[in-house]
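Student:
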Amino acid sequence: MTGSPTIEKISCYHCGDDCLTETYILDDKHFCCHGCKSVYQLLSESQLCNYYTYNDHPGATRARIDRRFDYLSEPSIISQLIDYTDQHVTMVTFYIPHIHCSSCLWLLEKLNKINPAVHYCRVDFLKKQLNIRFDHHRLNLQQLVELLYDIGYEPLISLQDVIKEQNAATKDHLIQKIAVAGFCFGNVMLLSFPEYFGISAYEQSFRHFFGWLNVLFSLPVVFYSGREYFISAWQNLRRKSLNIDFPLALGIAVLFVRTVFEVITHTGAGFADTLCGLVFFLLVGKFVQKKTYHHISFERDYRSFFPVAVNTIVDDKEKPIPLSDLHTGHRILIRNNEIIPADAILLKGHALVDFSFVTGEAVPINKTWGEIIYAGGRQTGEAIELEVVKPVSQSYLTQLWNNEAFNRKQDNRMQTFNQKVSKYFTIVLLVIAIASLLFWLPTNINRGIAAFTAVLIVACPCALALSTPFTMSAALSIFDRNLFYLKNTAVVEQMAAIDTIVMDKTGTITTSDNDHVQLNAQLSEIDRELVYNVCMHSNHPLSRMICRYLGGRKRLPVTDLTEAAGRGITASVNGYEVRVGSEQHVAGYSRDTSAGTKVHVSVDGNYRGYFAFAHQYRDGLKNISSLEQDYKLYLLSGDQDHERFELIRFFKTTDNLFFNQSPQDKLDFIGKLQQQGAKVMMIGDGLNDAGALKQSDLGIAVTDNVNNFSPGSDAIMDGRSFGRLPAFLQFSKDTVRIIHASFLISLTYNFIGLSYAVTGKLSPLFAAILMPVSTVTIISFTSLATHFAAKKRHLS
Amino acid sequence: MSVIYFLIGCSVVLALIFLIAFFWAQRTGQNEDLYTPSVRILLDDSEDTDPEK
Chain A
1 MTGSPTIEKI SCYHCGDDCL TETYILDDKH FCCHGCKSVY QLLSESQLCN
51 YYTYNDHPGA TRARIDRRFD YLSEPSIISQ LIDYTDQHVT MVTFYIPHIH
101 CSSCLWLLEK LNKINPAVHY CRVDFLKKQL NIRFDHHRLN LQQLVELLYD
151 IGYEPLISLQ DVIKEQNAAT KDHLIQKIAV AGFCFGNVML LSFPEYFGIS
201 AYEQSFRHFF GWLNVLFSLP VVFYSGREYF ISAWQNLRRK SLNIDFPLAL
251 GIAVLFVRTV FEVITHTGAG FADTLCGLVF FLLVGKFVQK KTYHHISFER
301 DYRSFFPVAV NTIVDDKEKP IPLSDLHTGH RILIRNNEII PADAILLKGH
351 ALVDFSFVTG EAVPINKTWG EIIYAGGRQT GEAIELEVVK PVSQSYLTQL
401 WNNEAFNRKQ DNRMQTFNQK VSKYFTIVLL VIAIASLLFW LPTNINRGIA
451 AFTAVLIVAC PCALALSTPF TMSAALSIFD RNLFYLKNTA VVEQMAAIDT
501 IVMDKTGTIT TSDNDHVQLN AQLSEIDREL VYNVCMHSNH PLSRMICRYL
551 GGRKRLPVTD LTEAAGRGIT ASVNGYEVRV GSEQHVAGYS RDTSAGTKVH
601 VSVDGNYRGY FAFAHQYRDG LKNISSLEQD YKLYLLSGDQ DHERFELIRF
651 FKTTDNLFFN QSPQDKLDFI GKLQQQGAKV MMIGDGLNDA GALKQSDLGI
701 AVTDNVNNFS PGSDAIMDGR SFGRLPAFLQ FSKDTVRIIH ASFLISLTYN
751 FIGLSYAVTG KLSPLFAAIL MPVSTVTIIS FTSLATHFAA KKRHLS
Chain B
1001 MSVIYFLIGC SVVLALIFLI AFFWAQRTGQ NEDLYTPSVR ILLDDSEDTD
1051 PEK
């Protein structure tokens, strides 16, 4: 860029943004806006300036936000939000996206100093939640939220309460089960050692004592810790399917029965330590597989994007009502920066609606009186009045959620390797067990039964059951470090099976921020002031963007301003004649044929250059085109096709580029590909992609801030790691290969064990050594191999 | 050698106490947030300079 400013940049003491003016100064500290300054003022009055000593610029920027919390005085809404209330206190949990550093923690736990009505506040840093107990006689919920807003921590309040859903989940006592299993495992091992090292003849009473203790310790392991396996195996049997839990449950049962039998009949020591170790390791595998991202929700839909309540106008008075009570015919009032929650007709005011989240079009759209405005747009500018024409759930955007794709019950859309293999594994296992039983039965019944149980014990697929969880959790943590968050471990396998990739354009392969104005002109400081003042007088979206780009400047008197719709503005400022607009309007000719929106500038008839509003493609989009060899690539865009030729740089042909796609079109397109047998991965960002994300075999939501809203999906990707997508895909394939290899290793162990077991002579010591050794081998192999694969793909 | 009965009884009871303590910690939510306290401990208790309290 030419003519770069030489003025030293001053950043806001509160939020760290650049200060464009010098109007906001307090105690020798600069602020970017009045909002930031007032936060500082509030904190300094409450002696809480330590906030600024723990971290530099910890605050959230307070510029250009205008929200109202009147709806929080509605009892019906309050009752939905609070956790608990009685005569004296109310407890509430808020999700506050801005929580990010120790200053946040410090300040939020000092709310009591700002308002003594707050009794208690506790931050959960990873979940970004604030738990507050307060006296609702002295401070109501609305005031509390306003207080949080005033100090720069606006809670995210939405209809779909993600917090409560998350807190309600995970009540399966897995940790407790592991604790019990580990406790028993340790004790049983201790008690089994004398048996392995040999007990002398005169100490035989100890043998029985230890045996009975072992049985006692096995009881909680089988009936408390291992109960899940029996339940799961039984349920699967009733559904006539064999999953891996069946041989596991069989193994556990056989181990237990044989142990009890041997101890009662004094025929042996039993397999109590193998049993406890097996259950313990299996549960640890289960625990490792359950990785949760506390701050990310994969289940969001339009309800978390829309506001909780909307202001209706009844008898010329404003009344906030919950969104669920909004009906056709209601008159609603939408202020600056508020979202229009239902399809409605504009009745009053000038609407300039930003549909970036719905259609992906970044430039706000002008709407005039009597036009229908679709739900999901964000009003920018003055307050407008609308009449609702369709209920929230049936609007153009939200009716997508009525599609069957959203009602489909789905956890894993593809069968995992584990599920496929365990079926055959179980059958082969049963065949071998029964064969060895039949082989010994005619000669020696006892030996036959011994062989039968030994086979089931030794071939119990512990290593197989552990290979997937440990590989996947290692893979997940590697994805996690590369800012790619997967919903669960099964997603890795789904990703490896993908053969078709469909991408959304705006927000997905382009960045969604508004700062994509590019200046290709020689503009002096005076010229900038002139252009700024001309554009100040125009409501055109492009003029507004230029103003924002140039920043707050001195106001100059503007005269003789004429604005030709669709062409440009002419005005004289300080005696200079300034023209802003199309090339034809500014220079009198139209030579430029390259794509993209441009605004040209001339001062006193001298052509200065232009502002370009080209979409900014994400870094690493070039890497994506390398995927074309192995995958079919498609691009679906809600936009017009004016970028078709720019996109050819990345996509070899234009045949796979589709424009003007409605949300429903996108969903149908994916469905059509799937009918042709393709395994489709959809990458999208906005609400308009939600249907396609849900329909696809693997939906990835791209976002610039993982705490912001992103539609329901299988994985969430931070926009910065978009360019690593090819590496991610490669790595997921490596992961599946590692699982295959570890399966082979565990099979080898099974064969070694089986060759002893079929003879019916399985010693407890042998089983007790084989089981942990195979487990440790598998765990170390999978973790090492996964990290090695990650290094190979340059994923740190 | 019969002291072994007593010793094993002691060790099992001791281990059970630890197990129960863990269950109690789990039930009262002490393990729910394992990260925030590590940040909280680094913050100073405010050197109360405000006069009104």
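Sequence lines, in order, name chains A and B.
Going by our numbering, the first sequence opens with residue 1, and the numbers climb by one from there.
Going by our numbering, the second sequence opens with residue 1001, and the numbers climb by one from there.
Built from N, CA and C at the ideal position, the CB exists for glycine as well.
1. Tell me, please, whether the CB atom of Thr-1028(B) is closer than 8 Å to any CB atom in chain A?
2. May I have the straight-line CA-CA distance separating Asp-83(A) from Lys-554(A), to the nearest angstrom?
3. Shorter than 8 Å from the beta carbon of Gln-176(A) to some beta carbon of chain B?
4. Of all the beta strand (DSSP E) runs that stay within the bounds of the segment 694-721 of chain A, which reach a length of 3 or more residues?
5. Only counting the same chain, and skipping five residues up and downstream in sequence, which positions put a Cβ closer than 7 Å to that of Leu-191(A)?
6. Measure from the C-beta of Ala-1021(B) to each C-beta in chain A and report whether the shortest distance is under 8 Å.
7. What are the start and end residues of the beta strand (DSSP E) that includes Ala-351(A)?
8. So for Lys-672(A), helix, strand or coil by DSSP?
9. Below 8 Å, can you find three or more Cβ-Cβ pairs linking the segment 773-786 of chain A to the segment 738-753 of chain A?
10. Identify which residue in Asp-28(A), Leu-42(A), Tyr-24(A) and Leu-43(A) has its Cα closest to the Cα of His-34(A).
11. Measure the Cβ-Cβ separation of Gly-753(A) and Ala-459(A) and say whether it is below 8 Å.
12. Excluding the five sequence neighbours on either side, which residues of its own chain have a C-beta within less than 6 Å of the C-beta of Arg-138(A), listed in chain order?
13. Whole-angstrom Cβ separation of Asp-504(A) and Gly-684(A), contact assumed at under 8 Å?
14. Leaving out the 5 sequence neighbours to the left and right, which residues in its chain are closer than 7 Å to Phe-256(A) when beta-carbon positions are compared?
15. Indicate the three-state DSSP secondary structure (helix, strand or coil) for Asp-28(A) in the structure shown.
16. Determine the burial state of Trp-1024(B): buried for a count of at least 16 other Cβ atoms within 10 Å of its Cβ, exposed for fewer.
17. Decide yes or no for the touch test of the segment 97-116 of chain A against the segment 170-180 of chain A: beta carbon pairs closer than 8 Å, at least 3 of them.
18. Count the CB pairs spanning the segment 688-701 of chain A and the segment 516-524 of chain A that are closer than 8 Å, and state whether there are at least three.
19. Could you check what DSSP says for Lys-110(A) in three-state terms: helix, strand or coil?
20. Three-state secondary structure (DSSP) at Glu-318(A)?
21. Going by C-alpha distance, which of Trp-401(A), Met-189(A), Ile-445(A) and Phe-355(A) is nearest Thr-759(A)?
22. Between Gly-448(A) and the rest of its own chain, which residues show a CB-CB distance below 8 Å, the 5 nearest in sequence each way excluded?
23. Mind checking who Val-92(A) pairs with in its DSSP beta bridge?
24. Looking at the secondary structure, which residues open and close the alpha helix (DSSP H) in which Lys-390(A) lies?
25. What does DSSP give as the partner residue(s) for Phe-658(A) in the beta ladder?
26. Within 10 Å of its beta-carbon, does Asp-18(A) have 16 or more other beta-carbons around it, so buried, or fewer, so exposed?
27. Bridge partners for Met-681(A) per DSSP, in chain order?
28. Just the Cα atoms here: how many angstroms apart are Cys-104(A) and Leu-144(A)?
29. Just curious, the alpha helix (DSSP H) that Lys-622(A) is in, first and last residue?
30. Quick one: using the 10 Å Cβ neighbour count with 16 as the cut-off for buried, is Lys-652(A) buried or exposed?
31. So what does DSSP say about Ala-521(A), is it helix, strand or coil?
32. Assuming Glu-385(A) contacts Arg-331(A) (C-beta within less than 8 Å), just tell me the rounded distance between them.
33. Mind listing the chain B neighbours of Trp-106(A)? Cutoff is C-beta to C-beta under 7 Å, in chain order.
34. Thr-471(A) and Asn-418(A) - do their beta-carbons sit closer together than 8 Å?
35. Please determine whether the Cβ atom of Phe-94(A) lies at a distance below 7 Å from any heavy atom of the ligand ATP.
36. Tell me whether Lys-598(A) is buried or exposed, calling it buried when 16 or more other Cβ atoms sit within 10 Å of its Cβ.
Tutor: With the structure as the only source:
1. Chain A has no Cβ within less than 8 Å of the Cβ of Thr-1028(B).
2. One C-alpha to the other measures close to 50 Å.
3. Yes, Gln-176(A) lies at the interface with chain B (some Cβ there is under 8 Å from its Cβ).
4. Scanning the segment 694-721 of chain A for uninterrupted beta strand (DSSP E) segments of 3 residues or longer gives 698-703 and 715-718, listed from N- to C-terminal end.
5. Apart from the 5 residues on each side of it in sequence, Leu-191(A) sits with its Cβ closer than 7 Å to the Cβ of Phe-210, Leu-213 and Asn-214 in its chain, given in chain order.
6. No, Ala-1021(B) does not count as interfacial toward chain A.
7. Where Ala-351(A) is concerned, the enclosing beta strand (DSSP E) stretches over 351-354.
8. Of the three classes helix, strand and coil, the one that applies to Lys-672(A) here is helix, per DSSP.
9. Taking one beta carbon from each stretch, the segment 773-786 of chain A and the segment 738-753 of chain A have 3 or more pairs nearer than 8 Å; the two touch.
10. The shortest Cα separation from His-34(A) among Asp-28(A), Leu-42(A), Tyr-24(A) and Leu-43(A) belongs to Tyr-24(A).
11. Yes. Within cutoff.
12. Hits under 6 Å: Ala-117.
13. The beta-carbon distance between Asp-504(A) and Gly-684(A), rounded to whole angstroms, is 4 Å. This is short enough to meet the 8 Å contact definition.
14. In the same chain as Phe-256(A), and ignoring 5 residues on each side of it, the C-beta atoms closer than 7 Å to its own belong to Ser-218, Val-222 and Leu-275, in chain order.
15. It is coil, neither helix nor strand.
16. Trp-1024(B) sits exposed, since fewer than 16 C-beta atoms from the chains shown fall within 10 Å of its C-beta.
17. No, the segment 97-116 of chain A is not in contact with the segment 170-180 of chain A.
18. Result no; under three Cβ-Cβ pairs closer than 8 Å.
19. If DSSP states are grouped into helix, strand and coil, Lys-110(A) belongs with coil.
20. Look at Glu-318(A) here: in three-state DSSP terms it is strand.
21. Measuring from the Cα of Thr-759(A), the nearest candidate turns out to be Ile-445(A).
22. Only residues of its own chain outside the window of five on either side were considered, and among them Ser-436, Leu-437, Leu-438, Phe-439, Trp-440, Leu-441 and Gly-760 have a CB closer than 8 Å to the CB of Gly-448(A), listed in chain order.
23. BP columns for Val-92(A) point to Ile-82(A) and Ile-132(A).
24. Boundaries for Lys-390(A): no alpha helix (DSSP H) harbours it, and the DSSP string shows neither H nor E there.
25. Leu-636(A), per the DSSP bridge assignment.
26. Around the CB of Asp-18(A), fewer than 16 other CB atoms lie within 10 Å, so the residue is classed as exposed.
27. According to DSSP, Met-681(A) shares a beta bridge with Ile-501(A) and Leu-698(A).
28. Straight across, the Cα-Cα distance linking Cys-104(A) with Leu-144(A) is about 17 Å.
29. Unbroken alpha helix (DSSP H) run through Lys-622(A): 621-625.
30. It counts as exposed.
31. Reduced to three states, the DSSP call for Ala-521(A) is strand.
32. Between Glu-385(A) and Arg-331(A) a beta carbon distance of about 6 Å is seen, short of the 8 Å cut, so the two are scored as contacting.
33. Under the 7 Å cutoff, chain B gives Leu-1043.
34. Taking 8 Å as the Cβ cut-off, Asn-418(A) and Thr-471(A) do not qualify as a contacting pair.
35. Within the structure as shown, the ligand ATP is missing, as the structure has no ligands at all.
36. Around the CB of Lys-598(A), 16 or more other CB atoms lie within 10 Å, so the residue is classed as buried.
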